[in-house]
Amino acid sequence: MFICAHERFAFVSCTPYSHLMSPDPSQILNDIFGFERFRGVQSQVIERVLTGAHTLAVMPTGAGKSLCYQLTAVTLEGCCIVVSPLIALMHDQLRSAHALGIRAASLTSVDSDWRETQTRLLAGDLDLLYVAPERASGDGFRALLERAPICLFAIDEAHCVSEWGHDFRPDYRLLRPLLDHFPHVPRLALTATADAHTRRDILAQLGIDESGLIISGFDRPNIRYAVQPRDGLTRQITDILRANPGPGIVYAQTRAATEKLAASLGSVGRQVLPYHAGLAPEQRAHNQAAFMASEDMVMVATVAFGMGIDKPDVRFVVHAGLPKSIESYYQESGRAGRDGDPAVATLLWGAEDFVRARQRVSEVEPARKKGERARITAMGALVETGGCRRAVLLRHFGEDPSTTCGNCDNCLAPPATIDATATAQKLLSAVYRTGQSFGLGHIEAVLTGKSNERIVQRGHDALSVFGIVEAEEAALLKPVSRALMVHDALETNEHGGLMFGPAARPFLRGEEMVSLVLPPARVKRGRRNAEANPLGDPLFEALRACRRELAMEAGVPPYVIFHDSTLREMVQKRPRSFADLAHISGIGERKREAYGQAFLNVIGAFESGILEPG
Numbered sequence: 018m019f020i021c022a023h024e025r026f027a028f029v030s031c032t033p034y035s036h037l038m039s040p041d042p043s044q045i046l047n048d049i050f051g052f053e054r055f056r057g058v059q060s061q062v063i064e065r066v067l068t069g070a071h072t073l074a075v076m077p078t079g080a081g082k083s084l085c086y087q088l089t090a091v092t093l094e095g096c097c098i099v100v101s102p103l104i105a106l107m108h109d110q111l112r113s114a115h116a117l118g119i120r121a122a123s124l125t126s127v128d129s130d131w132r133e134t135q136t137r138l139l140a141g142d143l144d145l146l147y148v149a150p151e152r153a154s155g156d157g158f159r160a161l162l163e164r165a166p167i168c169l170f171a172i173d174e175a176h177c178v179s180e181w182g183h184d185f186r187p188d189y190r191l192l193r194p195l196l197d198h199f200p201h202v203p204r205l206a207l208t209a210t211a212d213a214h215t216r217r218d219i220l221a222q223l224g225i226d227e228s229g230l231i232i233s234g235f236d237r238p239n240i241r242y243a244v245q246p247r248d249g250l251t252r253q254i255t256d257i258l259r260a261n262p263g264p265g266i267v268y269a270q271t272r273a274a275t276e277k278l279a280a281s282l283g284s285v286g287r288q289v290l291p292y293h294a295g296l297a298p299e300q301r302a303h304n305q306a307a308f309m310a311s312e313d314m315v316m317v318a319t320v321a322f323g324m325g326i327d328k329p330d331v332r333f334v335v336h337a338g339l340p341k342s343i344e345s346y347y348q349e350s351g352r353a354g355r356d357g358d359p360a361v362a363t364l365l366w367g368a369e370d371f372v373r374a375r376q377r378v379s380e381v382e383p384a385r386k387k388g389e390r391a392r393i394t395a396m397g398a399l400v401e402t403g404g405c406r407r408a409v410l411l412r413h414f415g416e417d418p419s420t421t422c423g424n425c426d427n428c429l430a431p432p433a434t435i436d437a438t439a440t441a442q443k444l445l446s447a448v449y450r451t452g453q454s455f456g457l458g459h460i461e462a463v464l465t466g467k468s469n470e471r472i473v474q475r476g477h478d479a480l481s482v483f484g485i486v487e488a489e490e491a492a493l494l495k496p497v498s499r500a501l502m503v504h505d506a507l508e509t510n511e512h513g514g515l516m517f518g519p520a521a522r523p524f525l526r527g528e529e530m531v532s533l534v535l536p537p538a539r540v541k542r543g544r545r546n547a548e549a550n551p552l553g554d555p556l557f558e559a560l561r562a563c564r565r566e567l568a569m570e571a572g573v574p575p576y577v578i579f580h581d582s583t584l585r586e587m588v589q590k591r592p593r594s595f596a597d598l599a600h601i602s603g604i605g606e607r608k609r610e611a612y613g614q615a616f617l618n619v620i621g622a623f624e625s626g627i628l629e630p631g
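This is the structure:
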């Protein structure tokens, strides 16, 4: 058993960085965050903001959006006001900021130290202040800021400002008067998911000129996308859990499904907990805290487990049903692999998902129907394609990707496609001739010539479609029915019977083709995601144990101490001194001071033979 050899380390006190170093962003990046160079468009965003220019940055999840305003905040004199939609998200970001030595606080309904926080703000003793849009838009908060030194407004999850965004929050639309009251304070809006329409709306709502739009691209190359029809849901998810060590999220569509799945997956030998809005608040908080601290736990959740989750080491995300839009799917699947390590996103869908989605469209106001139908069509294109999944996603966001990515199910194992138009016509004919009131099982029996009492009683054995489908073709009936439902050619009545949808007749007449993607034979891929971390390596496991102990003492999740990538680099480079640690990515000055000696002790014990394998 390994015991981390260290004295008790706590988060160090925070001294204003602007008094400690030159305002060189690259130097600050290295000193505070422990990185030698900026990633993607980070430097462009920071450069604009430092010159006082309003900016909208569209950056994929895991691209380092938070660093853009954190670094700016410690470079400029004054406090950065961060508008964030969820308390859980704020507090998670607070932990990370404190670990870096950044002076940060929040003003929320659950913060009892609000008087101290206001005093620190007015005294210029804060680099970051996190607030919800409901507070930020109030007159009292505006009056408070009039007396405080502020340097930046950062609007996180900025797609919430747009009615076209997937997480619209009306209070975000009330921020503009606050921003305009401080015209000389730059404003930085940040989002990971915004199509062209949503981007235009964000710019207009927040008063940012089009020249201030910076897009880094939406690609998450470390995520392997896969889409499968549901076929034994528990078995399918169990296979994913066994193939992918590390924390994971399974998204279910209802509270009942969440509870059922969590119970059924509990036999895989890993902790599995549910999360949905119907749980008692203390239970939700407990389950979320357990997940954030875990290195191998699975959370089964509704989409209520959403923006408040910023856990970098999630190794897989599974959707047990169809997301409501491409934007939602991108956002939710993007909770995997935020640390840049390999991750898997798997979507398991059924034709009934599309039926329910179209039923919901009928309930929305007329002005939104067109947009909602477009969302369903976009999801249909994603699940149906025989080409690159990533290309479908990226084209939706206005990009022009290559035709193959090499890291989705279709690119890794290209599926065969067949023309199933004739089978679709037979299926539609049988639905029509049986009166558009029977389920797929009955239709299949009619088409394959399986006579039973129900079929004989209704005279369906005398129909022209009885027995017109041979055994080989019969295997296509289920996937063809799914394809027709995706295309709105079939739908179900209140009793589950099949009936024509609005788009049925072009398919029945052969004016529209049905191209069917045949899934490749299932191949056991093994523990693909274990490749990133050297699991079983005695030094790596000892460093993880040390990190775990330090995290428990500090009351933070392990990733707040160091990411897995930092531990891997320690294993490779074997640092022996604080000077050596300075060359490990992700170790800035404050973390080096707080935790460096503990990890050096572990490495020293390993190399001297004191630390034995296992």
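Position in the sequence shown (first residue = 1) + 17 = this note's numbering.
Ideal Cβ positions, reconstructed from N, Cα and C, are used throughout, including at glycine.
- Query: Grouping DSSP H, G and I as helix and E and B as strand, with all else coil, what is residue 577?
  - Reply: Against the sequence shown, residue 577 aligns to sequence position 560. Residue 577: helix per DSSP, three-state reduction.
ask   = Where does residue 300 land, buried or exposed, given buried means 16+ other C-beta within 10 angstroms?
value = Taking the sequence shown and counting its residues from 1, the one referred to as residue 300 is at position 283. Classification of residue 300: exposed, given that the 10 Å Cβ count is below 16.
- Between 573, 577, 533, 581, which lies nearest to residue 556 when the distance is taken from Cα to Cα? Position 539 of the sequence shown, counted from the first residue, corresponds to residue 556. Taking only the C-alpha atoms, the option nearest residue 556 is 581.
**OP:** Assuming residue 100 and residue 58 form a contact by the criterion Cβ under 8 Å, report the distance between their Cβ atoms to the nearest whole angstrom.
**Re:** Position 83 of the sequence shown, counted from the first residue, corresponds to residue 100. Position 41 of the sequence shown, counted from the first residue, corresponds to residue 58. The pair is not a contact, with the Cβ atoms about 21 Å apart (cut-off 8 Å).
*Sufficient close CB pairs (3 or more, under 8 Å) joining the segment 517-533 to the segment 468-482*: no
Three-state secondary structure (DSSP) at residue 172? Translated into positions along the sequence shown, residue 172 becomes position 155. Strand, per DSSP.
Cβ-Cβ distance between residue 619 and residue 559 below 9 Å: Sequence index remark: in the sequence shown, residue 619 carries index 602 (1-based). Sequence index remark: in the sequence shown, residue 559 carries index 542 (1-based). Yes, the pair counts as a contact, with Cβ atoms nearer than the cut-off.
- prompt: So which of 108, 136, 115, 113 has the shortest CA-CA distance to residue 123?
  reply: As a first step, residue 123 must be located in the sequence shown, where it is residue number 106. If we check each option's Cα against that of residue 123, 108 comes out closest.
Among 42, 65, 81, nearest to residue 357 - alpha-carbon criterion: Within the sequence shown, the letter at position 340 stands for residue 357. When only C-alpha atoms are compared, the closest one is 81.
- [ ] Can you give me the Cβ contacts of residue 573 inside the same chain, cut-off strictly under 8 Å, excluding the 5 residues immediately before and after it?
- [x] Locating residue 573 in the sequence shown gives position 556, where the first residue counts as 1. Taken in chain order, the residues that qualify are 112, 116.
| said: If you reduce the DSSP assignment to three classes, tell me which class residue 291 lands in. | reply: What you label residue 291 is simply residue 274 of the sequence shown in a count that begins at 1. The answer is strand: DSSP assigns residue 291 an E or B state.
Among 609, 242, 578, 579, nearest to residue 593 - alpha-carbon criterion: Stepping through the sequence shown from its first residue, residue 593 is reached at position 576. Out of 609, 242, 578, 579, 609 has the C-alpha closest to the C-alpha of residue 593.
Any idea which residues DSSP pairs residue 509 with across the strands?
Taking the first residue of the sequence shown as position 1, residue 509 is located at position 492. Answer is 515.
| task | Give the range of the beta strand (DSSP E) segment to which residue 246 is assigned. | result | Within the sequence shown, the letter at position 229 stands for residue 246. 240-246 is the extent of the beta strand (DSSP E) around residue 246.
**Asked** Between the segment 76-96 and the segment 165-184, do at least 3 Cβ pairs fall closer than 8 Å?
**Response** yes
What would DSSP say about residue 75, mapped onto helix, strand or coil? Mapped onto the sequence shown, residue 75 falls at position 58. Three-state DSSP puts residue 75 in a strand.
**Request:** Tell me residue 336's beta-bridge partners as DSSP assigns them.
**Result:** Numbered from its first residue, the sequence shown carries residue 336 at position 319. Answer by DSSP bridge pairing, in chain order: 268, 364.
Worksheet item: Where do the ends of the beta strand (DSSP E) carrying residue 564 lie?
Response: Numbered from 1 along the sequence shown, position 547 holds the residue referred to as residue 564. Not the beta strand (DSSP E): residue 564 falls in the alpha helix (DSSP H), residues 555-571.
(message) With H, G and I counted as helix, E and B as strand and the rest as coil, what does DSSP make of residue 524?
(response) The residue given as residue 524 occupies position 507 in the sequence shown. Three-state result, residue 524: helix.
Checklist entry - Would you say residue 458 touches the ligand NAD, meaning its beta carbon is less than 8 Å from a heavy atom? => result Of ligands this structure carries none, so the ligand NAD is not represented either.
Does the distance from the CB of residue 287 to the CB of residue 315 come in under 9 Å?
Counting from 1 along the sequence shown, the entry for residue 287 is found at position 270. Counting from 1 along the sequence shown, the entry for residue 315 is found at position 298. Closer than 9 Å, so yes.
Taking only three categories from DSSP, how would you classify residue 500?
Stepping through the sequence shown from its first residue, residue 500 is reached at position 483. The answer is helix: DSSP assigns residue 500 an H, G or I state.
Same chain, Cβ closer than 8 Å to residue 512, neighbours up to 5 away in sequence not counted
Taking the sequence shown and counting its residues from 1, the one referred to as residue 512 is at position 495. Only 454 meet the Cβ criterion.
Counting pairs of beta carbons, one from the segment 523-531 and one from the segment 416-429, are three or more of them closer than 8 Å? no
Q: Could you have a look at residue 547 and say whether DSSP puts it in helix, strand or coil?
A: Locating residue 547 in the sequence shown gives position 530, where the first residue counts as 1. Here the model assigns residue 547 a pLDDT of 44, short of 50, so the residue's position is not dependable and the matter cannot be decided.
If I'm right that residue 435 touches residue 535 with Cβ under 8 Å, what's the distance once you round it to whole angstroms? As a working mapping, residue 435 is identified with position 418 in the sequence shown. As a working mapping, residue 535 is identified with position 518 in the sequence shown. Right, their Cβ atoms sit about 6 Å apart.
Worksheet item: How long is the line joining the alpha carbons of residue 366 and residue 495, rounded to whole angstroms?
Response: Looking up residue 366 in the sequence shown gives position 349. Looking up residue 495 in the sequence shown gives position 478. Distance between the alpha carbons of residue 366 and residue 495: 13 Å.
#### Entry: Buried/exposed call for residue 540, threshold 16 Cβ in 10 Å
The sequence position of residue 540 within the sequence shown is 523, counting from 1. With a pLDDT of only 48 at residue 540, under the threshold of 50, the placement of this residue in the model should not be trusted, and no figure is reported.
Open item on the list: Let's test the definition: count the other Cβ atoms within 10 Å of the Cβ of residue 477 and tell me whether it reaches 16, buried, or not, exposed.
Closed with: By one-based count along the sequence shown, residue 477 stands at place 460. Buried: at least 16 other Cβ atoms inside 10 Å.
message = To the nearest angstrom, how far is the alpha carbon of residue 428 from that of residue 244?
response = The count along the sequence shown starts at 1 and reaches residue 428 at position 411. The count along the sequence shown starts at 1 and reaches residue 244 at position 227. Distance between the alpha carbons of residue 428 and residue 244 is about 12 Å.
Next on the checklist: Please tell me whether residue 330 and residue 263 are closer than 9 Å, where the distance is taken between their beta carbons.
Outcome noted: Sequence index remark: in the sequence shown, residue 330 carries index 313 (1-based). Sequence index remark: in the sequence shown, residue 263 carries index 246 (1-based). Yes, the Cβ-Cβ distance between residue 330 and residue 263 is below 9 Å.
Q) For residue 530, which of helix, strand or coil comes out of DSSP? A) If you number the sequence shown from 1, residue 530 lands on position 513. It is coil, neither helix nor strand.
Please list, in chain order, all residues of the same chain as residue 393 whose beta carbon is under 6 Å from its beta carbon, the five residues on each side excluded. Here residue 393 corresponds to residue number 376 of the sequence shown, with the count starting at 1. So the qualifying residues of the chain are 374.
### Message
Assuming residue 314 is part of the alpha helix (DSSP H), what are its boundary residues?
### Response
Position 297 of the sequence shown, counted from the first residue, corresponds to residue 314. Neither: residue 314 is in no alpha helix (DSSP H) and is coded neither H nor E.
- request: Look at residue 283 and residue 289 and say whether their C-beta atoms are less than 9 Å apart.
  value: Residue numbering aside, residue 283 sits at position 266 when the sequence shown is read from its first letter. Residue numbering aside, residue 289 sits at position 272 when the sequence shown is read from its first letter. Yes; because the gap between Cβ atoms is below 9 Å, this pair is in contact.
- prompt: Taking the runs of the beta strand (DSSP E) that are 3 residues or longer, which of them lie wholly in the segment 123-157?
  reply: 145-148
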